[in-house]
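According to the numbering used here, the stretch in the sequence shown is residues 566 to 663, in order.
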Amino acid sequence: MEKIVFDDQIDIDLNVSIDDNNMDLKSCLESYFQILQTDECQRCGNKNAPALTYLWRLPEVLIIHLGRGKPDGTKNNRFNRFSDAKSRYDHLSTPKFS
(Lines of atoms letter the chains of each structure in order from A and count residues from 1; the text may use other names and numbers.)
(Lines give C-alpha, C1' and ligand atoms only; values in the text may rest on other atoms or scores of the structure.)
Protein backbone atom coordinates (compact mmCIF):
# COMPACT_ATOMS: atom_id res chain seq x y z
CA MET A 1 0.00 0.00 0.00
CA GLU A 2 1.37 3.40 -0.97
CA LYS A 3 0.85 6.49 1.15
CA ILE A 4 1.33 9.93 -0.39
CA VAL A 5 1.76 12.90 1.93
CA PHE A 6 2.06 16.53 0.85
CA ASP A 7 3.97 18.92 3.09
CA ASP A 8 4.67 22.57 2.34
CA GLN A 9 8.44 22.98 2.22
CA ILE A 10 10.35 26.22 1.91
CA ASP A 11 13.64 24.87 3.15
CA ILE A 12 15.86 21.84 2.74
CA ASP A 13 18.51 20.86 5.29
CA LEU A 14 21.55 19.34 3.55
CA ASN A 15 24.23 17.54 5.53
CA VAL A 16 27.60 18.89 4.41
CA SER A 17 29.44 17.66 7.47
CA ILE A 18 30.20 14.34 5.78
CA ASP A 19 33.96 13.86 5.50
CA ASP A 20 34.10 13.79 1.72
CA ASN A 21 36.52 16.09 -0.07
CA ASN A 22 34.50 15.83 -3.29
CA MET A 23 31.28 17.16 -1.72
CA ASP A 24 29.25 19.36 -4.07
CA LEU A 25 25.65 20.56 -4.25
CA LYS A 26 24.57 17.77 -6.60
CA SER A 27 25.79 14.99 -4.29
CA CYS A 28 24.18 16.71 -1.27
CA LEU A 29 20.83 16.88 -3.11
CA GLU A 30 21.13 13.26 -4.27
CA SER A 31 21.74 12.21 -0.68
CA TYR A 32 18.72 14.21 0.53
CA PHE A 33 16.38 12.69 -2.08
CA GLN A 34 17.54 9.07 -1.73
CA ILE A 35 15.20 6.24 -0.72
CA LEU A 36 15.21 5.73 3.05
CA GLN A 37 14.14 2.58 4.84
CA THR A 38 11.84 3.32 7.77
CA ASP A 39 11.66 1.06 10.81
CA GLU A 40 7.91 0.70 10.53
CA CYS A 41 5.16 2.27 8.44
CA GLN A 42 2.87 4.28 10.75
CA ARG A 43 -0.17 3.46 8.63
CA CYS A 44 0.11 -0.27 7.87
CA GLY A 45 2.78 -1.44 10.33
CA ASN A 46 4.94 -2.88 7.53
CA LYS A 47 8.56 -3.29 8.60
CA ASN A 48 11.30 -1.62 6.52
CA ALA A 49 8.88 0.46 4.46
CA PRO A 50 10.71 2.64 1.90
CA ALA A 51 10.24 6.42 2.16
CA LEU A 52 11.06 8.75 -0.70
CA THR A 53 10.87 12.54 -0.98
CA TYR A 54 9.99 14.36 -4.19
CA LEU A 55 9.43 18.02 -4.97
CA TRP A 56 5.93 18.46 -6.36
CA ARG A 57 6.23 22.18 -6.92
CA LEU A 58 9.02 24.61 -6.03
CA PRO A 59 8.13 27.51 -3.73
CA GLU A 60 8.89 31.07 -4.83
CA VAL A 61 11.95 30.93 -2.57
CA LEU A 62 13.64 27.67 -1.60
CA ILE A 63 16.09 27.93 1.29
CA ILE A 64 18.91 25.39 1.26
CA HIS A 65 20.47 25.13 4.72
CA LEU A 66 24.00 23.75 4.73
CA GLY A 67 24.21 21.70 7.93
CA ARG A 68 27.88 21.91 8.85
CA GLY A 69 27.59 20.73 12.46
CA LYS A 70 29.11 17.44 13.55
CA PRO A 71 27.62 15.14 16.22
CA ASP A 72 30.43 16.08 18.63
CA GLY A 73 29.37 19.77 18.50
CA THR A 74 32.23 20.99 16.31
CA LYS A 75 31.80 22.71 12.95
CA ASN A 76 33.09 21.48 9.61
CA ASN A 77 35.09 24.39 8.15
CA ARG A 78 36.28 22.75 4.96
CA PHE A 79 35.54 24.28 1.57
CA ASN A 80 32.59 22.90 -0.39
CA ARG A 81 32.10 23.30 -4.14
CA PHE A 82 28.61 24.60 -4.85
CA SER A 83 28.97 27.12 -7.68
CA ASP A 84 29.49 24.41 -10.31
CA ALA A 85 25.98 23.00 -9.81
CA LYS A 86 23.97 26.21 -9.53
CA SER A 87 23.05 26.65 -13.20
CA ARG A 88 21.74 23.07 -13.37
CA TYR A 89 18.84 24.06 -11.09
CA ASP A 90 18.13 27.48 -12.65
CA HIS A 91 14.90 27.94 -14.58
CA LEU A 92 15.39 28.34 -18.34
CA SER A 93 14.13 31.95 -18.16
CA THR A 94 16.53 32.97 -15.37
CA PRO A 95 18.51 36.08 -16.42
CA LYS A 96 22.17 35.27 -17.02
CA PHE A 97 24.71 37.57 -15.40
CA SER A 98 28.39 37.73 -16.24
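Yeah, the Cβ is synthetic: ideal placement off N, Cα and C, and Gly gets one too. Bear in mind the structure is a predicted one, so any value in this text is a computation, not a measurement.
Nearest to L590 by CA position, among G632, T603, D572 and F571, is which residue?
Looking at G632, T603, D572 and F571, the one whose alpha-carbon comes closest to that of L590 is G632.
Spatial neighbours of I628 within its chain, please: CB distance less than 7 Å, with the 5 preceding and 5 following residues excluded, ordered by chain position.
Correct list, in chain order: I575 and D576.
Using a threshold of 8 Å, state whether the C-beta atoms of N580 and S592 are closer than that.
no
Report, in whole angstroms, the separation of the C-beta atoms of Q602 and P615, which I expect to be a contact under 8 Å.
6 Å
Opposite Q602 in the DSSP bridges: which residues?
For Q602, which the question treats as bridged, DSSP gives the partners P615.
Can you name the start and end residues of the beta strand (DSSP E) that L579 belongs to?
D576 to N580
Quick check on K635: does DSSP put it in helix, strand or coil?
coil
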